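Here this note's numbering is used: the first residue of the sequence shown is 1366, the next is one more, and so on. Ideal Cβ positions, reconstructed from N, Cα and C, are used throughout, including at glycine. Since we're looking at a predicted model, the values are computed, not measured. Okay, structure first, notes after.
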Amino acid sequence: MPPADTGASTVVVDASAPSSPVITSRAAAPTSVERLEPGRPGYRKMSFALFAAGVAAFALLYSTQALLPAISASYGVSAGQASWTVSAATGALALCVLPLSALSERFGRRQMMTASLTVAVLVGMMVPFAPSIGWLIALRAVQGAALAGLPASAMAYLAEEVRPKALIAAIGLFVAGNSIGGMSGRILTGWVAQAWGWRAALAAVGLLAVACAVAFHFLIPKARNFTPGTLNPKALAKTVATHLGNPLLVRLYAIGALFMTVFGAVYTVIGFRLVEEPFSLPQGIVGSIFLVYLVGTVSSAAAGRLVARLGRRGALYLAVSTTAAGLLLSLSESLAAVLLGLVLITAGFFAGHAVASSSVSRTATTGRAQASALYQSAYYLGSSAGGTLGAVAFHAGGWAATVALGLLAVIGVVSITLYGTRVARAERRALVPATR
């Protein structure tokens, strides 16, 4: 199978290509600087720095998710209203990721990532003191907007500083940091909330994020292949329009959004299900359920090997099949079966996300930051929609309704990938000269 993502052939990022057409460069980009790769100086520091950034970002972004039953009870609001403490953060991130990624073209990827983490951490220390559900949702929206400067800038930083052959593995490590952050934040909040309440739990996540932000600041290498320039809004609009006019990129954006719809719905609602009959688990145990994120760490880091063996479309088929199997298994009334279902959902989601996001970086030959930003926007809009719709579905029809929503999204991923496969085959036939 050729190395295509969901259809048309993938274009590998050219090391000499300009990082973005939306700036007017003041100097030519350096061409003799060696890029980072495993075994070269700086690669390990870069990996640890972005891993720490991923931990902080996901720990903060989803800090209220495992606490939704406690927040709902504390403020006397419904599950749907409480879910907005997650959806507001992911929705704000989705809206702000493109403009902040454009600013990174002017001020630098490293500077944008540092500022993003700093503001998000400061807001994180204010979140535990929110006097009402409205204030909590507003602060979470600000926090999500601040975090928007991290994901697309990180993807662009990796595309510029890491050799193309090592790019999928490097992005996989960043995504693995996301999974560790999501897991550790939820486990930490679960046990701290059980002992001291949900406000103390959010404060603990804030302190974890502070430590990660400090580590990132001291470890991240300076960019060696980035050239700053003056932002050109017209060129930015043209670049965005070009990306949205690329059928392959649009398919990748849709796949990211649909995968995240499943994930957002499942992990927003699972806490409500597990504290109810027939499970009736305490908050600490519910938080510990998120240990299954370790599976996501492994599957995202292994995405490069999956692609090498199965091709990108094959890896996506495997990821979506695994996710669907997990959704169906989670319908069981057995706790062991539900946990196994969560394992499969998590493994499939993180593998699919790593493949789709790295494919965007490899496909875009210009405007890589904007291409990654559009992917992140779609991805987090999927998270926001999944969290809200999943909570509404659970309130209306229980866990089965949430699973039905997830399966609809899975069918969407399969349909897009099958369509892409047909496009790729048609393109290959068109390139073969007619024979008699």
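Proximity below 8 Å, CB of A1454 to CB of G1509: Against a cut-off of 8 Å, the Cβ pair of G1509 and A1454 comes out as a contact.
Burial state of G1499 (16 or more Cβ within 10 Å): Here G1499 is exposed, its C-beta having fewer than 16 other C-beta atoms within 10 Å.
Supposed close pair G1706, A1684 - CB separation, criterion 8 Å: G1706 to A1684, Cβ: 15 Å. No contact.
V1615 in three-state terms, based on DSSP: The answer is helix: DSSP assigns V1615 an H, G or I state.
Closest residue to T1483 among V1507, A1511, L1460 (Cα-Cα distance): Nearest Cα to T1483 within the set V1507, A1511, L1460: A1511.
Under the three-state DSSP convention, the category L1596 falls into: Three-state result, L1596: strand.
Residues bridged to L1401 [DSSP beta-bridge criterion]: DSSP lists V1527 as the beta-bridge partner residues of L1401.
Helix, strand or coil at A1750 [DSSP, three-state]: In the displayed model, A1750 falls within a helix according to three-state DSSP.
Inside the stretch 1626-1706 only - alpha helix (DSSP H) runs reaching at least 4 residues: The stretch 1626-1706 contains these whole alpha helix (DSSP H) runs: 1648-1653, 1658-1666, 1668-1694.
Inter-residue Cα distance where the pair is R1391 and A1513: Confidence in R1391 is poor, its pLDDT being 44 and thus under 50, which makes the residue's placement too unreliable to answer from.
The alpha helix (DSSP H) enclosing V1492, as first and last residue numbers: The continuous stretches of alpha helix (DSSP H) do not include V1492, and DSSP gives it neither H nor E.
I1536 beta carbon less than 8 Å from that of L1523: Yes, these two residues count as a Cβ contact at 8 Å.
Run of the alpha helix (DSSP H) containing V1579, from where it starts to where it stops: Boundaries of the alpha helix (DSSP H) harbouring V1579: 1563-1584, taken from the DSSP string.
Close-in-space but distant-in-sequence residues of the same chain around L1700 (CB under 7 Å, 5 per side omitted): Excluding five sequence positions before and after L1700, the CB atoms of its chain that fall closer than 7 Å to its own CB belong to F1644, given in chain order.
Contact belief for A1435 with W1563 at Cβ below 8 Å, rounded distance in angstroms: Yes, they are in contact, since the Cβ atoms of A1435 and W1563 sit about 4 Å apart, within 8 Å.
DSSP-derived helix/strand/coil call for L1515: DSSP places L1515 in coil when its eight states are reduced to three.
Beta-carbon spacing of M1478, S1518 below 8 Å: Judged by beta-carbon spacing, S1518 lies within the 8 Å limit of M1478, meaning their Cβ atoms are closer than that value.
Through-space distance from A1673 to V1788, alpha-carbon basis: Inter-residue distance for V1788 and A1673 is about 21 Å (C-alpha atoms, whole angstroms).
Nearest-angstrom Cα separation, counted from G1542 out to R1794: R1794 and G1542 have their C-alpha atoms roughly 41 Å apart.
Three-state class that DSSP yields for G1771 in the structure shown: The answer is helix: DSSP assigns G1771 an H, G or I state.
Per-residue DSSP class, three states only, for T1607: T1607 sits in a helix when the DSSP states are folded into three classes.
Cut-off 8 Å between Cβ atoms - residues of its own chain near A1569, not counting five sequence neighbours on either side: Closer than 8 Å at the Cβ level, and outside the excluded window around A1569, lie L1553, T1554, V1557.
Coil, strand or helix - A1393 by DSSP: Only weak support exists for where A1393 lies, its pLDDT of 43 falling under 50; the coordinates are left without a value.
Beta-carbon spacing of L1425, A1485 below 8 Å: The answer is yes: Cβ separation under 8 Å.
Integer Cβ distance of L1596 from A1467, believed to fall under 8 Å: Contact flag correct, Cβ pair sits at about 6 Å.
Per-residue burial, S1443 [other beta carbons within 10 Å of its own, 16 or more giving buried]: By the 10 Å Cβ count, S1443 comes out exposed.
Coil, strand or helix - A1588 by DSSP: Note: A1588 maps to coil in three-state DSSP.
Validate contact between the stretch 1767-1778 and the stretch 1648-1655 using beta carbons, cut 8 Å, 3 pairs: These segments do not touch.
The stretch 1468-1475 / the stretch 1741-1751 touching (three or more Cβ pairs under 8 Å): Result no; under three Cβ-Cβ pairs closer than 8 Å.
Spatial neighbours of L1656 in its chain, beta-carbon cut-off 6 Å, leaving aside the 5 residues before and after: So no residue of the chain qualifies.
Neighbourhood of A1766 by C-beta, 7 Å cutoff - its chain only, sequence neighbours within 5 removed: Cβ within range, chain order: A1758, F1759.
Cα-Cα separation, S1448 to G1676: Roughly 37 Å separates the two Cα atoms.
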